[in-house]
Amino acid sequence: MSVVDGTGGLGTRVHGDVITADDPRFDEARDIDNRAEKSRPAAVVRCLDARDVAESVSFAVAEGLPVAVRAGGHGAAGYGCVEDGLVIDLRAIDHVRVDTDRGVVAIGGGACAGKVDTTTHSFGLATTTPTVSTVGMAGFTLGGGISYLTRKHGLAVDNLVGADVVLADGTLVRAGEGGDEDLLWGLAGGGGNLGVVTELRMRLHPVSVVTGGPMIFPIEHTERLVRLFRDWIPQQPDDIYAFLALLSVPPDEQFPAELRMHPACALIWCNTASADRCNEALATFRAERPVVDGVAQVPYPALQSAFDEGAAAGRYGSLAGALFEDLPDEAAAEYQRFGASQPTPLCQSHLYPLDGAAARPDRGATAWPWRDAAFAQMFAALAPVPGAEPALRAWANGFRDALRPYAMTGCYANFQMDEGPAAARACYGDNADRLARLKGIYDPTNVFRRNQNIAPLR
Ligand SMILES: Cc1cc2nc3c(=O)[nH]c(=O)nc-3n(C[C@H](O)[C@H](O)[C@H](O)COP(=O)(O)OP(=O)(O)OC[C@H]3O[C@@H](n4cnc5c(N)ncnc54)[C@H](O)[C@@H]3O)c2cc1C
1 MSVVDGTGGL GTRVHGDVIT ADDPRFDEAR DIDNRAEKSR PAAVVRCLDA RDVAESVSFA
61 VAEGLPVAVR AGGHGAAGYG CVEDGLVIDL RAIDHVRVDT DRGVVAIGGG ACAGKVDTTT
121 HSFGLATTTP TVSTVGMAGF TLGGGISYLT RKHGLAVDNL VGADVVLADG TLVRAGEGGD
181 EDLLWGLAGG GGNLGVVTEL RMRLHPVSVV TGGPMIFPIE HTERLVRLFR DWIPQQPDDI
241 YAFLALLSVP PDEQFPAELR MHPACALIWC NTASADRCNE ALATFRAERP VVDGVAQVPY
301 PALQSAFDEG AAAGRYGSLA GALFEDLPDE AAAEYQRFGA SQPTPLCQSH LYPLDGAAAR
361 PDRGATAWPW RDAAFAQMFA ALAPVPGAEP ALRAWANGFR DALRPYAMTG CYANFQMDEG
421 PAAARACYGD NADRLARLKG IYDPTNVFRR NQNIAPLR
C-alpha cells in the first residue's frame with residue numbers, strides 16, 4: 001500500500017483507475033513509444049475528465065510527487081513517464097467534436113491525430129496533424145506542430161484558438177476565446193510548461209483528398225536532390241508541399257524487391273493544389289527519374305497514417321533536430337554521407353519546409369519563435385529491440401553535429417531529447433523570457449518540469 005492507493009489516497013478522489021506496481025496492468029500503463037527512455041513511476045492515474053486531472057495535480061503537489069503528463073506517449077525524450085512520480089495519463093480523454101459553424105474542432109487532451117483526421121474527414125475538413133496518426137495531438141501541438149499542411153495552413157500552434165487547462169494550483173481555466181490570451185500564447189509552443197491541457201480547440205480547413213505519397217530515388221542522388229529541393233520549394237505556392245526523407249525502402253511487395261530494406265532518398269508529397277498545378281510541380285522531380293512513384297489522389301487520413309507501421313516498429317531509439325535559415329551545398333553533401341550509413345532500416349531523417357504560412361506570423365505571435373527558419377530537420381535513429389542505443393545515438397547526434405555549422409542556435413522542442421537546461425531554454429529562442437515570466441505566474445514552483453523545461457521567472 002502506498003500513499004497513492006492507500007486510504008484517502010488518489011484512488012478515492014478520481015473516477016479513473018490508479019495503477020501501481022502491484023497491478024498486472026502496470027507495465028502497459030507506464031509504456032511509452034520510446035522504450036529506451038522508459039521509467040518506473042509510483043503510479044499512473046488514468047484520468048477520465050478534467051476534474052480527475054485537477055485532483056491528480058493537487059494530490060501530486062501535496063505529496064511532493066514529480067509529475068509526468070502523457071497523451072500519445074510519442075515524446076522521444078521519455079517525458080511521458082517519470083521515475084517514482086505520478087503519471088497523469090490523458091488517453092481516455094480523447095473526444096473529437098467538429099463544430100462546422102465555427103470551423104473548429106474540439107480535441108480531448110489525450111486524443112491521437114488519427115482520431116482527429118478520421119472524424120474531421122467526414123466533414124471534408126482537416127486541421128494541422130502530424131505525419132503519424134498515433135502521435136498525441138496535445139504534445140504535438142503544444143511543441144509547435146509541423147504538418148503536411150504547414151505551408152498552406154501554418155503550424156499547429158497557428159491553428160490553436162483555445163484550450164482548457166488545469167494549472168499547477170489545480171484550477172481549471174480557459175485559454176483564448178475570451179479566456180486568458182497570455183496563457184494561449186504560452187501554450188502555443190511552450191510545450192507542457194504551463195499546465196495540463198484537457199481540451200484543445202483548433203481551426204479546420206477544407207482539405208479532403210490530396211495529391212500525395214512517396215517518390216523514391218536512389219540514395220546516390222541525395223546530394224543533388226537536397227540542393228534541388230532546397231532551391232525549388234521556396235518558389236512554390238503554399239498548396240504545393242513535400243518533405244525530403246532519408247529512409248530505407250519498406251519490405252513491402254508494392255516496392256521492387258531489389259530496393260527493399262535499402263537506404264533511399266524520398267520526397268513525401270501532400271499537395272492541395274489543382275490537378276494541373278500538381279502535375280507541373282511533380283514533373284520537376286519526375287524528371288529526376290524516381291525508382292518508385294507512389295504519388296496519387298488519396299484521402300488525407302490515408303496519407304497521414306501511411307507511415308504508422310514503420311513508426312510502430314521502432315520502439316528503441318534516439319532523436320535529434322536542427323533548424324536552418326539556409327542549407328549551403330556543403331550541408332547537402334552530409335545528407336548523402338549520413339543517408340548511406342543509417343545503422344538500421346528503421347532510421348529516418350526528414351527535412352521539413354517551414355516557409356509559406358508558417359513563416360508569416362510575427363516572431364512574437366506565439367511562444368514558438370522559429371519564424372525565420374526555412375527548414376526543420378529531424379533525425380530519428382530507431383531499432384525494434386534494445387541493445388543498439390549507443391550506435392543509434394551516435395548516428396542521430398553525429399548527423400546533427402555535422403550540420404551544426406549551418407544550423408540556427410536552438411532546436412524545435414519536439415525534436416530534442418533531454419539535453420539539460422540550456423538546450424531546453426534554447427528551444428524558445430527570443431521568446432524564452434516572456435515564457436519564463438508566464439511560467440512564474442502559472443507554475444511558480446515548476447510542478448510541470450518533465451518537458452523542455454523553462455525555469456519560472458518570479
Ligand atoms: C513517430 C513519430 C512521428 C512524429 N511526427 C511528427 C510530425 O509530423 N510533426 C511534428 O511536429 N512532430 C512529430 N513528432 C514529434 C511529436 O510531435 C512529439 O514527440 C510530441 O511531443 C508527441 O506528443 P505525444 O502526446 O504523443 O507524446 P507524450 O509523450 O504523451 O507527450 C510529450 C510531452 O508533451 C506534453 N504534453 C502531452 N500532452 C499534454 C497535455 N494534454 N497537456 C500538457 N502537456 C502535454 C508533456 O510535456 C509530455 O511530456 C513525431 C514523433 C514520433 C515519435
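Okay, so the sequence shown: first residue is 1 according to UniProt numbering, each after it adds one.
Glycine is no exception: its CB is placed at the ideal position from the N, C-alpha and C atoms.
Quick check on residue i: does DSSP put it in helix, strand or coil?
i, result
"residue 300", "helix"
"residue 15", "coil"
"residue 446", "coil"
"residue 451", "coil"
"residue 86", "strand"
"residue 137", "helix"
"residue 458", "coil"
"residue 46", "strand"
"residue 1", "Below a pLDDT of 50, predicted positions are generally treated as unreliable, and residue 1, at 47, falls in that range; the measurement from the model is reported next regardless. Three-state DSSP puts residue 1 in coil, outside helix and strand."
"residue 278", "helix"
"residue 421", "helix"
"residue 188", "coil"
"residue 205", "strand"
Could you give the distance in angstroms between the alpha-carbon of residue i and the alpha-carbon of residue j?
i, j, result
"residue 213", "residue 65", "45 Å"
"residue 260", "residue 222", "18 Å"
"residue 334", "residue 117", "35 Å"
"residue 101", "residue 355", "30 Å"
"residue 157", "residue 138", "10 Å"
"residue 464", "residue 106", "Here the chain has residues from 1 to 458 only, and residue 464 is not among them."
"residue 68", "residue 296", "41 Å"
"residue 443", "residue 169", "8 Å"
"residue 175", "residue 184", "5 Å"
"residue 89", "residue 239", "37 Å"
"residue 165", "residue 317", "31 Å"
"residue 315", "residue 245", "20 Å"
"residue 433", "residue 367", "10 Å"
"residue 79", "residue 196", "13 Å"
"residue 1", "residue 71", "A caution first: residue 1 carries a pLDDT of 47, below 50, which makes its placement in the model unreliable, though a value can still be read off. The alpha-carbon atoms of residue 1 and residue 71 are separated by roughly 27 Å."
"residue 36", "residue 387", "9 Å"
"residue 181", "residue 200", "14 Å"
"residue 15", "residue 49", "8 Å"
"residue 25", "residue 73", "16 Å"
Which residues share a DSSP beta bridge with residue i?
i, result
"residue 379", "320, 349"
"residue 248", "263"
"residue 164", "174, 199"
"residue 269", "213, 242"
"residue 107", "96, 200"
"residue 218", "264"
"residue 126", "205"
Going by C-alpha to C-alpha distance, which of the options sits closest to residue i?
i, options, result
"residue 177", "434, 203, 166", "203"
"residue 17", "33, 43, 458, 197", "43"
"residue 415", "290, 81, 167, 319", "319"
"residue 429", "446, 443, 438, 411", "411"
"residue 92", "198, 155, 40, 54", "198"
Suppose the cutoff is 6 Å on Cβ atoms and the five residues either side in sequence are ignored; what does the same chain contact list for residue i look like?
i, result
"residue 298", "212"
"residue 143", "191, 413, 414"
"residue 338", "399"
"residue 113", "129, 130, 133, 135, 137"
"residue 379", "320, 349, 396, 399, 400"
"residue 293", "215"
Take residue i and list the residues in its own chain whose beta-carbon comes closer than 7 Å to its own, dropping the five residues that flank it on each side.
i, result
"residue 310", "250, 346"
"residue 121", "208, 299, 300, 301"
"residue 308", "132, 133, 134"
Apart from the five residues on each side of it in sequence, which residues of its chain come closer than 8 Å, Cβ to Cβ, to residue i?
i, result
"residue 303", "148, 210, 212, 213, 270"
"residue 375", "230, 323, 324, 327, 351, 352, 353, 354"
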